[in-house]
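Visitor: This is the structure I have questions about; it appears just below.
Numbering (our numbering), first residue to last: 1 to 123.
Here it is, written out as structure tokens:
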């Protein structure tokens, strides 16, 4: 049985990775790095190609694969939670489920992704 700190650490780590995953996808949708002044300047002033900046980090790639393995309703919960800035109550209403069910599904998803990414059961 895992120590509670281990469980919280794994869940916190997966939440951080999910925020990075969402940020990466949001950046890609808005044209990153070509529309970001810092990245554009860096690409222009270095010998690296722009492709270096458009590659998805390995951890985010692994997380993306694990998210794709989830059933569609769970992928929808992840997308709403990390791409939509509205309150959780509103996100639950979009799915036509109670907020508590949305929260429970999200917790289950965090646990599943933490297990898939870190290989430790978080019971």
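Every residue, glycine too, gets a C-beta built ideally from N, C-alpha and C.
Between the Cα of residue 116 and the Cα atoms of 26, 28 and 68, which residue gives the shortest distance?
Guide: What you label residue 116 is simply residue 116 of the chain shown in a count that begins at 1. Nearest option by C-alpha distance: 68.
Visitor: Under a three-way DSSP split, which group does residue 15 fall into?
Guide: Locating residue 15 in the chain shown gives position 15, where the first residue counts as 1. Here residue 15 sits in helix by DSSP.
Visitor: Which residue wins for smallest C-alpha separation from residue 103, given the options 114, 80, 24 and 119?
Guide: What you label residue 103 is simply residue 103 of the chain shown in a count that begins at 1. Nearest C-alpha to residue 103: 80.
Visitor: Roughly how many angstroms separate the alpha carbons of residue 19 and residue 26, rounded to a whole number?
Guide: Reading the chain shown from its first residue, position 19 is the one you call residue 19. Reading the chain shown from its first residue, position 26 is the one you call residue 26. Roughly 10 Å between the two C-alpha positions.
Visitor: In the DSSP assignment, find the unbroken alpha helix (DSSP H) run with residue 72 in it and report its ends.
Guide: On the chain shown, position 72 is the one that residue 72 refers to. That run of the alpha helix (DSSP H) goes 72–83.
Visitor: Tell me which same chain residues have a C-beta within less than 7 Å of the C-beta of residue 75, skipping the five on either side of it?
Guide: If you number the chain shown from 1, residue 75 lands on position 75. If we look at residue 75 and ignore the five residues flanking it on each side, its Cβ neighbours are 67.
Visitor: To the nearest angstrom, how far is the alpha carbon of residue 93 from that of residue 83?
Guide: For the purposes of this step, residue 93 is taken as the residue at position 93 of the chain shown. For the purposes of this step, residue 83 is taken as the residue at position 83 of the chain shown. Taking the straight line joining both Cα atoms gives about 16 Å.
Visitor: Is it the case that the Cβ atoms of residue 63 and residue 21 are separated by a distance below 8 Å?
Guide: Residue numbering aside, residue 63 sits at position 63 when the chain shown is read from its first letter. Residue numbering aside, residue 21 sits at position 21 when the chain shown is read from its first letter. Yes, the pair counts as a contact, with Cβ atoms nearer than the cut-off.
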